[in-house]
Amino acid sequence: MINIVLFGKPGAGKGTQAEFLKEKYNLTHLSTGDIFRYNIKNDTELGKLAKTFMDKGDLVPDEVTIKMLESEVDKNPQSAGFLFDGFPRTLAQAAALDAFLESKGQSITATVALEADDEILVQRLLERGKTSGRPDDQDEEKIRNRYQEYNEKTAPLMDYYNTQGKFHAVNGIGYVAEVTLRLSGVIDNL
Numbered sequence: 725m726i727n728i729v730l731f732g733k734p735g736a737g738k739g740t741q742a743e744f745l746k747e748k749y750n751l752t753h754l755s756t757g758d759i760f761r762y763n764i765k766n767d768t769e770l771g772k773l774a775k776t777f778m779d780k781g782d783l784v785p786d787e788v789t790i791k792m793l794e795s796e797v798d799k800n801p802q803s804a805g806f807l808f809d810g811f812p813r814t815l816a817q818a819a820a821l822d823a824f825l826e827s828k829g830q831s832i833t834a835t836v837a838l839e840a841d842d843e844i845l846v847q848r849l850l851e852r853g854k855t856s857g858r859p860d861d862q863d864e865e866k867i868r869n870r871y872q873e874y875n876e877k878t879a880p881l882m883d884y885y886n887t888q889g890k891f892h893a894v895n896g897i898g899y900v901a902e903v904t905l906r907l908s909g910v911i912d913n914l
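Using my numbering, you'd call the opening residue of the sequence shown number 725 and step up by one each time.
Laid out in structure tokens, this is it:
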């Protein structure tokens, strides 16, 4: 079983690359954004709970997010592995994910970060914002705030996984196929 955590700042290409990786390695793609939307849309108990926090403008607590993720893992017992996209985002979430996987006799195989220069990513998101309709992709100040939050909360995870020998950085700039080739090179050598 192979379990990969995919990191990268907004606009780094995580969603695009996740599609290729899940197909190539037969992984179950777990995107926290998709999981939240599913649970809220289907009015699950966890979705209702998450919505109470979101309606107040609060972040959904780690415990709720982790329970949603655990539920998705449990729904896919035959999976060859998981591709975690958008999770973990904090050290507490990483520790909780490790504990959960350990309880299943599994672990994170590797974490891969798509790295790219902020200025290139800002331009990429502003361009994407012209067609995506996402307001957070149309405002340079909001984009830079998202990067600041990433640097403060998610970047420390790189050290967490690096001390476990599980962190790999990949150049996320170039044609999609070039980046996919770089990612595959890392995963094929695990």
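Glycine residues also receive a C-beta, built at the ideal position from the N, C-alpha and C atoms. Every value quoted in this text rests on a predicted model; they were computed, and no experiment measured them.
Whole runs of the alpha helix (DSSP H) within the region 740-816, excluding any shorter than 4 residues: 756-765, 769-779, 786-798
Among Gly735, Gly898, Arg761, which has the Cα closest to the Cα of Val784? The shortest C-alpha to C-alpha distance from Val784 to any of Gly735, Gly898, Arg761 is the one to Arg761.
Comparing C-alpha positions only, which one of Ala901, Gln888, Arg906, Asp842 sits nearest to Val894? When each option's Cα is compared against that of Val894, the closest is Arg906.
Taking the beta strand (DSSP E) that Thr878 belongs to, which residues open and close that run? No beta strand (DSSP E) holds Thr878; DSSP gives it neither H nor E.
Own chain, CB closer than 8 Å to Asp786, minus 5 neighbours either side, in chain order: Thr814, Ala816, Gln817, Ala820
How many angstroms separate the CA atom of Gly737 from the CA atom of Arg870? 15 Å
Shortest alpha-carbon distance to Gly889 belongs to which of Asn750, Gly853, Ser831, Asn766? Measuring from the Cα of Gly889, the nearest candidate turns out to be Ser831.
Judging by CA-CA distance, which residue of Phe744, Ile764, Val846, Glu865 is the nearest neighbour of Met792? Ile764
Go ahead and label Gln872 buried or exposed: buried means 16 or more other beta carbons lie within 10 angstroms of its beta carbon, across all protein chains shown. exposed
Neighbourhood of Val788 by C-beta distance below 7 Å, restricted to the same chain and skipping five residues each side: Result list for Val788: Leu770, Leu773, Ala774, in chain order.
Endpoints, beta strand (DSSP E) assigned at Gly732: 726-732
In the DSSP assignment, find the unbroken alpha helix (DSSP H) run with Thr904 in it and report its ends. 900-912
Spatial neighbours of Asn800 within its chain, please: CB distance less than 8 Å, with the 5 preceding and 5 following residues excluded, ordered by chain position. Thr752, Phe806
Would you call Pro918 buried or exposed, if buried means 16 or more other Cβ atoms sit within 10 Å of its Cβ? As displayed, the chain neither begins before 725 nor continues past 914, which places residue 918 out of reach and without an answer.
According to DSSP, simplified to helix, strand and coil, what is Thr835? strand
Put Ala820 into one of helix, strand or coil per three-state DSSP. helix
Note the first and the last residue of the continuous alpha helix (DSSP H) segment covering Arg848. Bounds of the alpha helix (DSSP H) holding Arg848 are 842-856.
Measuring CA to CA, which of Gly757, Glu796, Ala840, Lys828 is closest to Tyr899? Ala840
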